[in-house]
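See below for the structure under consideration.
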Ligand SMILES: CC(C)(COP(=O)(O)OP(=O)(O)OC[C@H]1O[C@@H](n2cnc3c(N)ncnc32)[C@H](O)[C@@H]1OP(=O)(O)O)[C@@H](O)C(=O)NCCC(=O)NCCS
């Protein structure tokens, strides 16, 4: 949005599909909402977002979503609804200490990782779908050089055909924490090995921390300590009749669920 011929406020838009049972909702992710300091407090960001929502609605998009790093009341005024956004912390000492026969995730493991993910996700009533482009982006992100003092640990336990369990994580020694971005498992055998795999990835670190995993994955972990996130609060604004029907049908279950709806990897 321009003022005096300059960019006063801006944001980025991302297109993702959200599968809800057999229906696909077309979702627009809104990221990087920013108003240049001299223009703040004059309604630019509110006007920009209202324009975006009108434009997306007119273009036939079903819903908009974002991750709020500020007080969510700002986005609530524009019609966004806050969804559970938690972290989960596990003590490494509470995890299975047996050796999981893990190896570093190699190029050849990716098809198995994708199959494992797809199996777990197909059991969920609703999820962001990941097409080839999303997977390419994730692989790049998960293979990138970590920040100074952090180490990437992507591990798999292989089975004859494919992957029994995998974890994508960062070791953050200055916080004594293994930061888990995603994990997956196939079948009872994969699920049973997950805690030992997390422990192997953590090594000598004291705790494992992650965003609260979605249903189907969360149950494979010990109870741990959930806490409410102060930033990256997930919010949705249903735009179409289909999305409003989805929210009427699922909203109260989503708000009351012990697991959060999405993986951190789907953050925009
Ligand atoms: C947040 C931001 C985009 C608001 O832009 P803006 O053009 O000033 O917004 P508007 O003028 O439309 O609305 C102003 C209202 O935003 C709200 N707001 C601004 N910063 C806020 C914050 N950190 N927490 C909660 N609400 C905030 C306030 O209600 C404010 O109203 P007030 O000025 O009467 O107190 C801007 O402050 C910014 O660029 N901040 C840095 C980047 C950022 O945090 N982006 C949001 C990421 S989710």
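Residue numbers (my numbering): 11 to 278. Where a beta carbon is used, it is the ideal one built from N, C-alpha and C, also for glycine.
Pick out whichever of 81, 49, 45 and 40 has its Cα sitting closest to the Cα of residue 63.
-> 40
Tell me, to the nearest whole angstrom, how far the beta carbon of residue 279 is from that of residue 113; I am working on the premise that it is less than 8 Å.
-> The shown model of the chain, from 11 to 278, leaves out residue 279, and the question about it has no answer.
Can you tell me the Cα-Cα spacing of residue 178 and residue 160, whole angstroms?
-> Between residue 178 and residue 160, the C-alpha separation is close to 13 Å.
Spatial neighbours of residue 49 in its chain, beta-carbon cut-off 8 Å, leaving aside the 5 residues before and after = 13, 18 and 19
Taking the C-alpha atoms as reference points, what is the distance between residue 217 and residue 189?
-> 9 Å
Under a three-way DSSP split, which group does residue 34 fall into?
-> strand
For review: beta carbons within less than 6 Å of any heavy atom in ligand 3 = Only ligand 1 can be found as ligands here, which leaves ligand 3 out of the picture.
Reduced DSSP secondary structure (H/G/I, E/B, other) of residue 226 = coil
Sheet register partners of residue 20 (DSSP bridge) = For residue 20, the beta-bridge partners assigned by DSSP are 44.
Unbroken alpha helix (DSSP H) runs of length 4 or more, entirely within the segment 49-117: which are they?
-> As far as the segment 49-117 is concerned, its whole alpha helix (DSSP H) runs of at least 4 residues are 54-68 and 83-86.
Using the DSSP secondary-structure output, state which residues sit across from residue 180 in a beta bridge.
-> 162 and 189
Rounded C-beta distance between residue 242 and residue 35? I'm assuming under 8 Å.
-> Your pair residue 242 and residue 35 does not check out as a contact, with CB atoms roughly 21 Å apart and the cut at 8 Å.
Can you tell me whether DSSP reads residue 268 as helix, strand or coil?
-> coil
If we count Cβ pairs, one from each stretch, closer than 8 Å, do we get three or more for the segment 210-226 versus the segment 79-92?
-> No: fewer than three Cβ pairs fall under 8 Å.
Look at residue 118 and residue 239 and say whether their C-beta atoms are less than 7 Å apart.
-> no
Pick out whichever of 99, 38 and 153 has its Cα sitting closest to the Cα of residue 237.
-> 99
According to the Cβ coordinates, are residue 285 and residue 30 closer than 7 Å?
-> Here the chain covers residues 11 to 278 and nothing more, so residue 285 does not appear.
Put residue 215 into one of helix, strand or coil per three-state DSSP.
-> coil
Pick helix, strand or coil for residue 137, following the three-state DSSP scheme.
-> Secondary structure of residue 137 (DSSP, three-state): strand.
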